[in-house]
Amino acid sequence: MNRRWSVYAVAAAGFVILTAATWRVVSTPGAGAALAVLVITGGVLLISPFVLPYLQAIAVNTDGFELRLVREIAEHGAPGAARLLNHTELPAIAEAYGVVHSQLAGDEFKAARTQIQDQLVDRASAFARQRKFDPTEIRNLFPQATGPVRVLLLGLMKGDPRLVDAETLASAIIRPVTPNEQYHAMETTDRNWRRFTDDERSTLTKALNNADFGPATSRRQSFATHLKSTLSATPGPN
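So, in structure tokens, the structure goes:
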């Protein structure tokens, strides 16, 4: 019975990816190769034997089944956030990203990894506009969290400015677990720059000036260049 539920959970994660990719293909005429790779990735999660060693990420409990990431969030001092997330699709998307990130490495799968992570951020942002999370829980959880959870938390910050924390964003910019974490931390910084104090701006500017943004052609490098120029011209808080 446990094994069957585990298979269903992994299949559900693949279904989430396939659904998201299909929606993008339908709503975006002329969708490129990135979405095609994402569709393939969803199919791989549904049928490929390589995901079987990861089925221990699913644990059956009295409520049905619980994703490992929900347990991780609760155990690291954010039980309120865990309760809110437990019955949403967000942990499933995060689990799927974790599998894809570890098993589909390499430049040929970069587009798929980016699409899944961006989808996680978008969904988390929308959810944070509907539910209230504890800013202290989010701030304390981030340094201990794995890559998928850190990206999920950045998505929550995008949706609810109350959760935004300059120190957290600075750490994500200068010491990211994944490249996309760094990108979304910069986007969140850009959106909230006027809210920060002078000291917070100094912390973030130092992180931006000392971070490695990858190849010159990367979207991180491009956004970092844009962010530095716009922030230097933005007036401080009143």
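If you read the sequence shown in my numbering, its first letter stands for residue -4, the second for the next number, and so on. Each residue gets a CB set at the ideal place from its N, CA and C atoms; glycine is no exception. All of these numbers come straight from a predicted model, not from anything done at the bench.
Measure the C-alpha to C-alpha separation of R202 and D113 and round it to an integer number of angstroms. Looking at the sequence shown, residue 202 is not Arg but Ala. Whole-angstrom Cα-Cα distance: 22 Å.
Once you ignore the five residues that flank T163 on each side, which residues in its own chain have a CB closer than 7 Å to its CB? R134 and F137
On a CA-only basis, which of I111, N81 and E103 is nearest V94? Give me that one, please. I111
From T244 to G72, what does the alpha carbon distance come to, in whole angstroms? A question about residue 244 goes unanswered here, because the residues of the chain that appear run from -4 up to 233.
Beta-carbon separation of T183 and V159 under 8 Å? yes
Indicate the three-state DSSP secondary structure (helix, strand or coil) for E182 in the structure shown. helix
Taking the alpha-carbon positions, what's the Q125 to L222 distance? 29 Å
When N81, E70, L79 and K153 are compared against A180, the one with the closest alpha-carbon: K153
Span of the alpha helix (DSSP H), counted from its first residue to its last, around A202: D193 to N205
Which residues bound the alpha helix (DSSP H) around N81? Careful: N81 lies outside any alpha helix (DSSP H) and carries neither H nor E.
Quick check: the Cα distance between A77 and V116, rounded to an integer number of angstroms? 17 Å
Under the rule that 16 or more other beta-carbon atoms within 10 Å means buried, what is A161, buried or exposed? buried
Nearest to A91 (by Cα), restricted to the options I68, L79, A69 and R63: R63
For P210, report the span of its alpha helix (DSSP H) as first-last. From DSSP, P210 is part of no alpha helix (DSSP H); its letter is neither H nor E.
If we call anything under 8 Å between Cβ atoms a contact, is L199 one with F128? no
Take W188 as the anchor and find which of T225, D207, S166 and N204 has the nearest alpha-carbon. T225
Quick one: residues in its chain with C-beta nearer than 7 Å to the C-beta of H82, no 5 flanking neighbours on either side, listed in chain order? none
Might you give, ordered along the chain, the residues of its own chain that have their beta carbon closer than 6 Å to the beta carbon of E176, omitting 5 neighbours on each side? R145, V146 and A167
Give the straight-line distance between the Cα atoms of D155 and D193, rounded to the nearest whole angstrom. 21 Å
For D160, name the three-state secondary structure that DSSP assigns. coil
Is A219 helix, strand or coil when you go by DSSP? helix
Report, in whole angstroms, the separation of the C-beta atoms of P143 and A89, which I expect to be a contact under 8 Å. 4 Å
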